[in-house]
Amino acid sequence: MATATIAHFMDLESIKYSIAAQPVSRRQSLHLFYHRCYYHKPCSVVVSMNGCQGNPRDRVPIGSIETRTFPAVTSPALATDTLNLAISELKANPPLFTSGILRLQVPIQQQIEAIDWLHSQHQIHPRCFFSGRRQSKDFTEVTNGNGYQKSNNVVSVAGVGSAVLFRDVHPFCYNDWKSIKRFLSANCPLIRAYGAIRFDARANISSEWEPFGSFYFVIPQVELDELDGCSMLATTIAWDNAFSWTWEQAVDAVEATMTQISSNVLKLSKEVTRSFILSNSHVPCKMYWDLAVERALQIINRSSSPLTKVVLARSSKFVIGNDIDPIAWLACLQVEGENAYQFCLQPPNAPAFIGNTPEQLFHRNCLGISSEAMAGTRARGGSMALDLQIQLDLLSSPKDHLEFTIVRDNIRKKLEAVCDRIVVEPNKAIRKFHRVQHLYARLAGELRSEDDEFKILSSLHPTPAVCGFPTEEARLLIAETEVFDRGMYAGPVGWFGGGESEFAVGIRSALVEKGLGALIYAGTGIVKGSNPSLEWDELELKTSQFTKLLKLEGPSRQKIENSGIIN
1 MATATIAHFM DLESIKYSIA AQPVSRRQSL HLFYHRCYYH KPCSVVVSMN GCQGNPRDRV
61 PIGSIETRTF PAVTSPALAT DTLNLAISEL KANPPLFTSG ILRLQVPIQQ QIEAIDWLHS
121 QHQIHPRCFF SGRRQSKDFT EVTNGNGYQK SNNVVSVAGV GSAVLFRDVH PFCYNDWKSI
181 KRFLSANCPL IRAYGAIRFD ARANISSEWE PFGSFYFVIP QVELDELDGC SMLATTIAWD
241 NAFSWTWEQA VDAVEATMTQ ISSNVLKLSK EVTRSFILSN SHVPCKMYWD LAVERALQII
301 NRSSSPLTKV VLARSSKFVI GNDIDPIAWL ACLQVEGENA YQFCLQPPNA PAFIGNTPEQ
361 LFHRNCLGIS SEAMAGTRAR GGSMALDLQI QLDLLSSPKD HLEFTIVRDN IRKKLEAVCD
421 RIVVEPNKAI RKFHRVQHLY ARLAGELRSE DDEFKILSSL HPTPAVCGFP TEEARLLIAE
481 TEVFDRGMYA GPVGWFGGGE SEFAVGIRSA LVEKGLGALI YAGTGIVKGS NPSLEWDELE
541 LKTSQFTKLL KLEGPSRQKI ENSGIIN
């Protein structure tokens, strides 16, 4: 692999502090900071560029990966003008390469919420949204020795359109991962592919999940990055003659999308519109849920059975009197999700997959990797004394301890297969959220190779927290028991970057479509000692962040304090 550096790439911290600079004339030279890399490595997978599909096995690798950063401006409108000007200038200076990816980014001297920007884009599809955790008291930076730092001032990212789309119906494999990584570089950290993978790629895909395939990732065409104290508007141009998608076509497509971009960003209300529930149903219903749990317990209690835990899930369909706006719902979830991940993925002409998940699958920063074990659930108490009592009950529960240790020890074993040393700290603690609290442990290590990222993704998913243990026995029982398609629910959801990647587990999630209502998903771990009725109550607790919206009960506006780790 050969890499040529043309100029120094301006990192995010430099951008942040440069925002105090005075804006420059729009006609001033725009090409101030950029970095370009040339790659020579194999690639493979079915990829789509604006509808032009191809399978680039045995074809030449991508020619260049480049980011250009322009002077800071004071508003989204000026940022849009800067990008439009830059795109028009690019037409007169086409690149020499037959393939490549180019990101143009303009810092904005104000912090604009990415979710507000996304809601203002008038249904441009596809669209995506990912918000990492706000830095809480237990936040620990994973560092490395080569000087690359986590871009921890990225709060949220919202994107529309697709510069490159990765989707297929076959299970996500190493070649698919390599194809995505072909477009990414550690020197261009904000070129990212956002998406999700099915919980069980071997299961049949139901009609509501068809647009997502077995996996779905997109590098957005236009995006708004919400940073600490500022923002960034960016557009990404990708082309590859091997797909019959030329530079000229790619530039024209970006121009067409930019004409639809609204610079008038309105603050989105964090309250739901008044509505009526026309109907709701659960799959399974309570009676069949009890039977399924009892059958699972019979298998777990057999002396000859290796199964110690299985996670059974429920799909709840709600039809209401007016259309559900998935972005408005997501904004409401943000209010009570300070220590959680929020996400939205919506292909063209498809439902939106949204969620507010507390569970991290893994975070990679170069070779540094971390993961979390989370299991056992209790509601929050209405007072400090009651909350502490519930916490102590969770910490001392033999049933919940068994469920938690299965998850923690399994994740540790899988990390040990690709890492030199694993640190578990804390070993067992409580993590509190707005409505619930869980047993929690954090595990960290160092990968032996960056290629081990795919190994860790494929081995960690599905964790015992969403599937069971042993994995294959639990998966088979889930396939035999559940009569609905989990789709991306409980699957990996997040993003790949060049030097960094982060994935959450797609729980506490729903599939939302205007005119059709919502499918809300939740699951609970069944181990020796589980009670079917108590597990049903846990499902109700986990879906309450959605059902409260339907019951006209808006989320609390007060600042949500997250206590992080309690030993």
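Counted from 1, the sequence shown has number 456 at position 456 by full-length UniProt numbering; the numbering is strictly sequential.
Note that the Cβ used here is the ideal one computed from N, Cα and C, for glycine as well.
Unbroken alpha helix (DSSP H) run spanning residue i, endpoints
{"i": "residue 74", "result": "Residue 74 -> no alpha helix (DSSP H), and no H or E assigned at all."}
{"i": "residue 326", "result": "326 to 335"}
{"i": "residue 308", "result": "It is not in any alpha helix (DSSP H) - residue 308 carries neither H nor E in the DSSP assignment."}
{"i": "residue 475", "result": "471 to 481"}
{"i": "residue 533", "result": "532 to 550"}
{"i": "residue 301", "result": "286 to 301"}
{"i": "residue 454", "result": "452 to 460"}
{"i": "residue 249", "result": "247 to 258"}
Within 7 Å, strictly: CB atoms of residue i and residue j
{"i": "residue 106", "j": "residue 70", "result": "yes"}
{"i": "residue 457", "j": "residue 371", "result": "no"}
{"i": "residue 342", "j": "residue 124", "result": "no"}
{"i": "residue 376", "j": "residue 359", "result": "no"}
{"i": "residue 126", "j": "residue 162", "result": "yes"}
{"i": "residue 254", "j": "residue 235", "result": "yes"}
{"i": "residue 374", "j": "residue 465", "result": "yes"}
{"i": "residue 635", "j": "residue 470", "result": "Because the chain here runs from 1 to 567, residue 635 falls outside it and cannot be looked at."}
{"i": "residue 217", "j": "residue 193", "result": "yes"}
{"i": "residue 177", "j": "residue 362", "result": "no"}
{"i": "residue 434", "j": "residue 268", "result": "no"}
{"i": "residue 498", "j": "residue 185", "result": "yes"}
{"i": "residue 367", "j": "residue 447", "result": "yes"}
{"i": "residue 155", "j": "residue 226", "result": "yes"}
Span of the beta strand (DSSP E) around residue i
{"i": "residue 386", "result": "Residue 386 -> not in any beta strand (DSSP E); alpha helix (DSSP H) instead, spanning 384 to 396."}
{"i": "residue 421", "result": "Unbroken run through residue 421: none, as it is neither H nor E."}
{"i": "residue 489", "result": "Where residue 489 is concerned, there is no enclosing beta strand (DSSP E), given that its DSSP letter is neither H nor E."}
{"i": "residue 102", "result": "99 to 108"}
{"i": "residue 120", "result": "It is not in any beta strand (DSSP E) - residue 120 carries neither H nor E in the DSSP assignment."}
{"i": "residue 268", "result": "First-last for residue 268: undefined, no H or E at that position."}
{"i": "residue 239", "result": "230 to 240"}
{"i": "residue 354", "result": "352 to 357"}
{"i": "residue 371", "result": "368 to 379"}
{"i": "residue 463", "result": "Looking at the DSSP string, residue 463 is not in any beta strand (DSSP E), and its letter there is neither H nor E."}
{"i": "residue 436", "result": "436 to 446"}
{"i": "residue 525", "result": "517 to 526"}
With 16 other Cβ atoms within 10 Å as the buried cut-off, status of residue i
{"i": "residue 103", "result": "buried"}
{"i": "residue 288", "result": "exposed"}
{"i": "residue 278", "result": "exposed"}
{"i": "residue 94", "result": "exposed"}
{"i": "residue 228", "result": "exposed"}
{"i": "residue 346", "result": "buried"}
{"i": "residue 181", "result": "buried"}
{"i": "residue 514", "result": "exposed"}
{"i": "residue 384", "result": "exposed"}
{"i": "residue 122", "result": "exposed"}
{"i": "residue 440", "result": "buried"}
{"i": "residue 532", "result": "buried"}
{"i": "residue 86", "result": "buried"}
{"i": "residue 436", "result": "buried"}
{"i": "residue 388", "result": "exposed"}
Residue i CB to nearest heavy atom of the ligand SAM below 6 Å
{"i": "residue 403", "result": "Although the ligand SAM was asked about, the structure shown includes no ligands whatsoever."}
Cβ contact (3+ pairs, closer than 8 Å) linking the stretch 206 to 221 and the stretch 481 to 490: Touching, yes.
At least 3 beta-carbon pairs within less than 8 Å: the stretch 346 to 357 vs the stretch 492 to 505: The answer is yes - the stretch 492 to 505 touches the stretch 346 to 357, with three or more Cβ pairs under 8 Å.
Cβ contact check for the stretch 297 to 315 and the stretch 476 to 486: 3 or more pairs under 8 Å: These segments touch.
At least 3 beta-carbon pairs within less than 8 Å: the stretch 507 to 524 vs the stretch 316 to 328: Three or more Cβ pairs closer than 8 Å define a contact, and the stretch 507 to 524 meets that threshold against the stretch 316 to 328.
Any 3 or more C-beta pairs closer than 8 Å across the stretch 416 to 424 and the stretch 524 to 532: Flag = no, the stretch 416 to 424 and the stretch 524 to 532 do not touch.
Three or more C-beta pairs below 8 Å linking the stretch 446 to 465 and the stretch 384 to 396: The answer is no - the stretch 384 to 396 does not touch the stretch 446 to 465, with fewer than three Cβ pairs under 8 Å.
The stretch 413 to 420 / the stretch 328 to 339 touching (three or more Cβ pairs under 8 Å): Contact check between the stretch 413 to 420 and the stretch 328 to 339: fewer than three CB pairs, one atom from each, fall below 8 Å, which does not count as touching.
Runs of beta strand (DSSP E) wholly within the stretch 169 to 226 (minimum 3 residues, chain order): Listed in chain order, the beta strand (DSSP E) elements of length 3 or more contained wholly in the stretch 169 to 226 are 193 to 197.
At least three beta-carbon pairs within less than 8 Å, the stretch 216 to 223 to the stretch 160 to 178: Under the Cβ criterion (8 Å, minimum of three pairs), the stretch 216 to 223 counts as touching the stretch 160 to 178.
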